[in-house]
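Numbering (the numbering used here), first residue to last: 1081 to 1251.
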């Protein structure tokens, strides 16, 4: 019995139900075209996610410094979060005891991936400090800029309350 109609060209492989080389090639060409069109949007989305994650880590580090200053008020007279640049943004939490002016390293960790910069006033090495009461030290307020090539977020430290928040717009 001979098949007629649309499946006549598949007579030799009637039972396998596979695809022809032409069908596979056209499908791959369409998929590659769609991927090429979507790639710039994906790159921007990934850069945005890196910056948002880094800003959240900076905010977490500053809140940790503030909470440590309040919790360790009997032992530490101030706590400083020292930010540094390198291959990736880095933060160190230092505590200054009441009886000594020599700070003690409490912890140190990266706050973001490489390619993301954390800056305050144009500098990538800076300190934000909190007194034993949890209040921000004088002169340590301001806005930290978290930036990559395609995205930016601002971590705002309030001068009066010491509140730390993340914003997509400069204050």
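Yeah, the Cβ is synthetic: ideal placement off N, Cα and C, and Gly gets one too.
Alpha-carbon spacing of residue i relative to residue j, whole angstroms
{"i": "residue 1142", "j": "residue 1116", "result": "40 Å"}
{"i": "residue 1104", "j": "residue 1111", "result": "11 Å"}
{"i": "residue 1130", "j": "residue 1123", "result": "11 Å"}
{"i": "residue 1121", "j": "residue 1221", "result": "35 Å"}
{"i": "residue 1231", "j": "residue 1246", "result": "14 Å"}
{"i": "residue 1166", "j": "residue 1224", "result": "17 Å"}
{"i": "residue 1188", "j": "residue 1237", "result": "21 Å"}
{"i": "residue 1098", "j": "residue 1126", "result": "38 Å"}
{"i": "residue 1119", "j": "residue 1109", "result": "15 Å"}
{"i": "residue 1101", "j": "residue 1113", "result": "18 Å"}
Residue j beta carbon less than 8 Å from that of residue i
{"i": "residue 1176", "j": "residue 1163", "result": "no"}
{"i": "residue 1152", "j": "residue 1244", "result": "no"}
{"i": "residue 1198", "j": "residue 1169", "result": "yes"}
{"i": "residue 1213", "j": "residue 1150", "result": "yes"}
Three-way DSSP call (helix, strand, coil) for residue i in this model
{"i": "residue 1217", "result": "coil"}
{"i": "residue 1168", "result": "coil"}
{"i": "residue 1145", "result": "helix"}
{"i": "residue 1140", "result": "helix"}
{"i": "residue 1135", "result": "helix"}
Residue i versus the options, residue with shortest Cα-Cα distance
{"i": "residue 1159", "options": "1128, 1241, 1168, 1217", "result": "1217"}
{"i": "residue 1184", "options": "1219, 1148, 1200", "result": "1148"}
{"i": "residue 1133", "options": "1241, 1242, 1234, 1239", "result": "1234"}
{"i": "residue 1200", "options": "1251, 1157, 1226", "result": "1226"}
{"i": "residue 1186", "options": "1202, 1155, 1215, 1219", "result": "1155"}
Residue interval of the beta strand (DSSP E) (run including residue i)
{"i": "residue 1152", "result": "Neither: residue 1152 is in no beta strand (DSSP E) and is coded neither H nor E."}
{"i": "residue 1222", "result": "1222–1227"}
{"i": "residue 1188", "result": "1184–1190"}
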